[in-house]
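Data first, discussion second: the structure below is written as structure tokens.
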Amino acid sequence: MTQSIAPFAAPHPAGPGRARRVLRAVAIVSCVPYLALKAAWIAGSHIGIPAGSALLDDRLAMAVVNGLSVLLDSGVIVLAMVLTRPWGLRVPAWLLVLPVWVATGLLAPIMAGFPAQLVVKAFGGGAPSAGREAFLDEWVFAVVYTGFIAQGLALGGLFALYARDRWGHLWRGRVRELPAGSVGPAHRVLAVTAAVLALPPLTLHAVWACGVSAGLREGRAAERGGEFYVLEALYVVFLLAAVAGAVLLAFRRGRALPVSVPLALAWVGSGAVACWGGWLSLASLGGVADLADRPTPLMHLAYADQMLVGLLVAAIGAHHFAERSAGAARRAA
Numbered sequence: 001m002t003q004s005i006a007p008f009a010a011p012h013p014a015g016p017g018r019a020r021r022v023l024r025a026v027a028i029v030s031c032v033p034y035l036a037l038k039a040a041w042i043a044g045s046h047i048g049i050p051a052g053s054a055l056l057d058d059r060l061a062m063a064v065v066n067g068l069s070v071l072l073d074s075g076v077i078v079l080a081m082v083l084t085r086p087w088g089l090r091v092p093a094w095l096l097v098l099p100v101w102v103a104t105g106l107l108a109p110i111m112a113g114f115p116a117q118l119v120v121k122a123f124g125g126g127a128p129s130a131g132r133e134a135f136l137d138e139w140v141f142a143v144v145y146t147g148f149i150a151q152g153l154a155l156g157g158l159f160a161l162y163a164r165d166r167w168g169h170l171w172r173g174r175v176r177e178l179p180a181g182s183v184g185p186a187h188r189v190l191a192v193t194a195a196v197l198a199l200p201p202l203t204l205h206a207v208w209a210c211g212v213s214a215g216l217r218e219g220r221a222a223e224r225g226g227e228f229y230v231l232e233a234l235y236v237v238f239l240l241a242a243v244a245g246a247v248l249l250a251f252r253r254g255r256a257l258p259v260s261v262p263l264a265l266a267w268v269g270s271g272a273v274a275c276w277g278g279w280l281s282l283a284s285l286g287g288v289a290d291l292a293d294r295p296t297p298l299m300h301l302a303y304a305d306q307m308l309v310g311l312l313v314a315a316i317g318a319h320h321f322a323e324r325s326a327g328a329a330r331r332a333a
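And the structure:
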């Protein structure tokens, strides 16, 4: 029997409470170090960039990438305001959800990976290679990634509170109680397609995490360390999370699970694999001066495939929300 859902009611605008104001301040302040560094680099400063770094080889490409980075991180400030102001509740859902999904996808691997890399380094397994030391000074990674983690925690908390107020009725109940029409044959096809497409990048990241160098250029293989293996293992985890969320939703597996579990897996997993697949693909187009450091065809395949997997899984989640929202609106009419 399908669980009844409370009648849909539009949220009433209200000023942010103390917790939301604190989270908003943390989100905004944590953007400052990163934005300041990027602005300095665009202006021509070499702060934090050692002599001989590959970042100094192409000034124009560096300015373009840094400009894009500034736009992306400035979006965190905009989102923090939208999520805490009364007018933010009137923003069209897609206009808010899309950038939050992108932010989740870009920040989640950093939030999980940077602390894990610190642990690996503490046990002597993650000493930076000579190549990485020549790329940026170590203090830059500490400052930037600490800021990213603070942004992710603050923005995640704000969005969770906002989503509970605006859409909390859409993820009530258990998987077995999903109403008819929330998923269909087309979504099962999408889930299977995502699972099949996930196999190549999943295999590649798994073998790279295990120390196999097949599919890597000589330069990339020579620079591997504990931190590299942590990131590769995380790509495996996020790919599995994305596929698991899609399958649980599309086939109603894990029927006793709260609906929020597969939705969370699909949300975080799809965002991480799609956004990082897209970002790495974009970064690889800029070209690398040293042939030994350029991405191989297998690396390009991994990036493109995981981007497609993320988009397919995101489509399943988006349809689920659209169907449940429409059903709630019909019952309220």
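Each residue of the sequence shown is one higher than the one before, starting from 1 at the first, in our numbering. C-beta atoms are modelled at their ideal positions from N, C-alpha and C, and glycine is treated no differently.
Asked                                                                                                                                                                                     : Found
Check whether the segment 69-87 and the segment 153-170 are in contact - that is, three or more C-beta pairs closer than 8 Å.                                                             : yes
If you draw a straight line from the alpha carbon of residue 118 to that of residue 195, how long is it in whole angstroms?                                                               : 32 Å
Which residue comes first and which comes last in the alpha helix (DSSP H) that contains residue 35?                                                                                      : 32-42
Express the C-alpha separation of residue 175 and residue 253 in angstroms, rounding to a whole number.                                                                                   : 7 Å
Cα separation between residue 144 and residue 34?                                                                                                                                         : 6 Å
When you compare each of 139, 172, 169, 157 to residue 104 by their alpha carbons, which one comes out closest?                                                                           : 157
Could you check whether the segment 304-311 touches the segment 135-143, counting it as contact only if at least three pairs of C-beta atoms, one from each stretch, sit closer than 8 Å? : no
Can you give me the Cβ contacts of residue 96 inside the same chain, cut-off strictly under 7 Å, excluding the 5 residues immediately before and after it?                                : 82
Check the DSSP bridge columns for residue 255 and list the partner residues they point to.                                                                                                : Its beta-bridge partners do not exist; DSSP assigns none.
Leaving out five residues before and five after residue 341 in sequence, what residues of the same chain have Cβ atoms less than 7 Å from its Cβ?                                         : With the chain covering only 1 through 333, there is no way to say anything about residue 341.
Which first and last residues belong to the alpha helix (DSSP H) in which residue 91 is found?                                                                                            : Residue 91 -> no alpha helix (DSSP H), and no H or E assigned at all.
If you measure between the beta carbons of residue 267 and residue 235, is that distance less than 9 Å?                                                                                   : no
For residue 30 versus residue 150, is the C-beta spacing smaller than 9 Å?                                                                                                                : yes
What does the alpha-carbon distance come out to for the pair residue 46 and residue 70?                                                                                                   : 17 Å
In the DSSP assignment, find the unbroken alpha helix (DSSP H) run with residue 155 in it and report its ends.                                                                            : 138-167
Using DSSP bridges, identify the partner residues of residue 174.                                                                                                                         : 258
Where does residue 292 fall in DSSP's three states?                                                                                                                                       : Interpretation of residue 292 is limited by its pLDDT of 48, a score under 50 that renders its predicted location unreliable; no figure is taken from the coordinates.
Is residue 249 near residue 258, with beta carbons less than 9 Å apart?                                                                                                                   : no
Does the distance from the C-beta atom of residue 153 to that of residue 202 stay below 9 Å?                                                                                              : no
At what residues does the alpha helix (DSSP H) containing residue 204 begin and finish?                                                                                                   : 185-209
Roughly how many angstroms separate the alpha carbons of residue 187 and residue 320, rounded to a whole number?                                                                          : 9 Å
Between residue 198 and residue 243, is the Cβ-Cβ spacing less than 9 Å?                                                                                                                  : yes
Whole-angstrom Cβ separation of residue 166 and residue 89, contact assumed at under 8 Å?                                                                                                 : 6 Å
Just the Cα atoms here: how many angstroms apart are residue 214 and residue 300?                                                                                                         : 14 Å
Measure the alpha-carbon distance for residue 323 versus residue 102 and round it to whole angstroms.                                                                                     : 22 Å
Once DSSP output is grouped into helix, strand and coil, what is the label at residue 316?                                                                                                : helix
Taking the beta carbon of residue 290 as the centre, do at least 16 other beta carbons fall within 10 Å, making it buried, or is it exposed?                                              : Because residue 290 carries a pLDDT of 48, less than 50, the predicted location of this residue cannot be relied on, and the following value inherits that uncertainty. Residue 290 comes out exposed.
Can you tell me whether residue 228 is helix, strand or coil according to DSSP?                                                                                                           : helix
Cα-Cα, which of 209, 305, 77 is closest to residue 224?                                                                                                                                   : 209
Rounded C-beta distance between residue 314 and residue 274? I'm assuming under 8 Å.                                                                                                      : 7 Å
Is the beta carbon of residue 27 less than 9 Å from the beta carbon of residue 77?                                                                                                        : yes
Compute the distance between the beta-carbons of residue 226 and residue 120, then report whether it is under 9 Å.                                                                        : yes
May I ask which residues mark the beginning and end of the alpha helix (DSSP H) holding residue 57?                                                                                       : Careful: residue 57 lies outside any alpha helix (DSSP H) and carries neither H nor E.
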